[in-house]
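One structure is given below, encoded as structure tokens.
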Amino acid sequence: MSIKPNTVVSLTYELHTTNEEGQQVFVEKADEQNALVFLFGVGMMLPKFEEHLVGLNVGDEYGFELSAADGYGEIDPGAYADLPKEMFKDVDLPNVGDVIPLQDNQGNHFRAGVTGVHEDTISVDLNHPMAGKNLIFAGKILSVREATEEELSHGHAHGADGHSGH
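Residues 1 to 166 (UniProt numbering) are what the sequence shown spells out, left to right.
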């Protein structure tokens, strides 16, 4: 079976980016014991990532590079903020380099990187950690199957076999 919308895909991958010197830098991987399993074509994955997988079959290997624009976007110079230190009165103050969980006024959760700790504020970068970076993927397709009705109604895969709970 080929990868197409409404199939559940299980795959391995290695993700690299490039540093300022143009050298590849390892970011993360999913191996056969901890494969990435997802419902294809429902917006769970980066659209350009899925475009490169359409039509692949079990056992196929793949490798491609996504530009920053096709990945997590370019760095937004306006996506920085200074948060009042009072926000952290019930927890330890973060340090530069920490990634902290935040929530917006609509209840959406996201993470921000701490870029500075000042007398009255904590400076954070709200860009996705992979913003501004090209993404280099390589991996192998482990399984492809039709999604179950339950998976389609829930909008996500229930494991490689379709029977994993939430």
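Glycine residues also receive a C-beta, built at the ideal position from the N, C-alpha and C atoms. For clarity, every value in this text was computed on a predicted model and none was experimentally measured.
Proximity below 8 angstroms, CB of residue i to CB of residue j
i           : j          : result
residue 11  : residue 39 : no
residue 117 : residue 83 : no
residue 141 : residue 60 : yes
residue 66  : residue 85 : no
Bridge-paired residues (DSSP) for residue i
i           : result
residue 38  : 9
residue 188 : Outside the modelled stretch of the chain, which goes from 1 to 166, sits residue 188, for which no answer is possible.
residue 48  : DSSP, once it has assigned bridges, lists no residue as partnering residue 48.
Short CB-CB distance (under 8 angstroms) between residue i and chain C
i           : result
residue 156 : Considering every chain present, this structure includes no chain C. It has just one protein chain.
Buried/exposed call for residue i, threshold 16 Cβ in 10 Å
i          : result
residue 53 : buried
residue 71 : buried
residue 69 : exposed
Neighbourhood of residue i by C-beta, 8 angstroms cutoff - its chain only, sequence neighbours within 5 removed
i           : result
residue 146 : 1, 6, 7 and 8
Cβ-based neighbour list, residue i, same chain, cut-off 6 angstroms, excluding 5 preceding and 5 following
i           : result
residue 160 : 10, 37 and 143
residue 73  : 131
residue 23  : none
Could you tell me whether the region 3–19 touches the region 123–139, using the rule of 3 or more Cβ pairs below 8 angstroms? In this structure the region 3–19 touches the region 123–139; the number of beta carbon pairs closer than 8 angstroms is three or more.
Segment contact flag, the region 65–80 with the region 122–136, C-beta cutoff 8 angstroms, min 3 pairs: Short answer: they touch.
Is there contact here, the region 98–115 with the region 152–162, by at least three beta-carbon pairs under 8 angstroms? Put simply, the region 98–115 does not touch the region 152–162. Fewer than three CB pairs are less than 8 angstroms apart.
Can you confirm whether the region 15–34 touches the region 103–115 when touching is taken to mean that 3 or more C-beta pairs between the two stretches lie within less than 8 angstroms? By the Cβ criterion, the region 103–115 is not in contact with the region 15–34, since fewer than three pairs of Cβ atoms, one from each stretch, lie closer than 8 angstroms.
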